[in-house]
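Heads up: the sequence shown begins at 347 in this note's numbering, then just goes up one per residue.
Below is one structure, written out as structure tokens; the observations come after it.
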Amino acid sequence: MVSVTTFSVFDLLVLHPFLSGMPGPRLRQVAVHGRPVVWPAGYRVFREDAVAANFWLVTSGEVDLDFHVPGRGDVVIDSVAGGGLLGLSWLRAPYRWTTGAVCTDRCQAVEFDARGVRNLMAEDSGCGADLTRRVTAVLGDRLRGARARLTLLGAVPPDPAGTLSRAPRDE
């Protein structure tokens, strides 16, 4: 892994869509916990069930998310491109990856110390709420994407009678 020194971490964060609109002082607090990194194509960033000690804002390239299926090997289930957040498991105990991640091409990212950012979030409730809102938005997008892919793959059978529909909500 090679560090990138062209831009400061703060500069990279200002330009990253995930942190768009975050006030400068808060961005500086977050930047303290980051460092630029570069990975070659084929680099395994993390493996399923490993400790989630870091997370990344991908600035260029693409990373596949995968999980191991016995008899089939590592199966790709999603990808994160430049402008995306890589890693969600760092935010919540037990802090273990639920997928693996491998670069499909050369990638640049800002790597964050997850513990440092969690401590910052605990010390500054405004920052904590802001980052939690941003991460949960990504999580929602990923869940919607997974649902769409499962439907396309036929993993979710048609339900013409509507028996699998969700129960009516109490209002």
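The beta-carbon is built from N, C-alpha and C at its ideal position, and this holds for glycine as well.
Where DSSP assigns a beta bridge to residue i, which residues make up the other side?
i, result
"Ala447", "Phe392 and Leu411"
"Trp436", "None, per the DSSP bridge assignment."
"Gln454", "Val384 and Ser406"
"Arg418", "According to DSSP, Arg418 bridges with nothing at all."
"Val397", "Arg442"
"Ala427", "Glu408"
"Asp459", "Asn400"
According to DSSP, is residue i helix, strand or coil?
i, result
"Ser471", "helix"
"Val378", "coil"
Quick one: is residue i buried, meaning 16 or more other Cβ sit within 10 Å of its Cβ, or exposed?
i, result
"Val355", "buried"
"Val391", "buried"
"His414", "exposed"
"Thr444", "exposed"
"Asn400", "buried"
"Gly498", "First, the residue type needs correcting, since residue 498 is Leu and not Gly in the sequence shown. Leu498 comes out exposed."
"Gly446", "buried"
"Val404", "buried"
"Ala439", "exposed"
"Leu358", "buried"
"Glu472", "Strictly speaking, residue 472 in this sequence is Gly, with Glu absent from that position. Classification for Gly472: exposed."
"Val422", "exposed"
From residue i to residue j, what does the alpha carbon distance come to, in whole angstroms?
i, j, result
"Val409", "Val463", "22 Å"
"Asp424", "Arg381", "25 Å"
"Ala483", "Arg418", "31 Å"
"Thr478", "Tyr389", "28 Å"
"Leu485", "Thr352", "31 Å"
"Phe364", "Asp412", "22 Å"
"Val378", "Ala468", "16 Å"
"Arg345", "Arg488", "A query on residue 345 cannot be resolved here, the shown segment of the chain reaching from 347 to 517 and no further."
"Ala455", "Trp402", "6 Å"
"Val481", "Leu437", "9 Å"
"Cys449", "Val397", "19 Å"
"Arg584", "Asp470", "The requested residue 584 is not part of the displayed model; the chain covers only 347 to 517."
"Gly367", "Val383", "23 Å"
Taking 8 Å as the threshold (beta carbon to beta carbon), is residue i in contact with chain B?
i, result
"Asp451", "Absent from the structure is chain B; it holds one protein chain and no more."
Just to confirm, does residue i get its C-beta within under 7 Å of one of the non-hydrogen atoms of the ligand SAH?
i, result
"Ala455", "Summarising the ligand content, the structure contains no ligands, and the ligand SAH is consequently not present."
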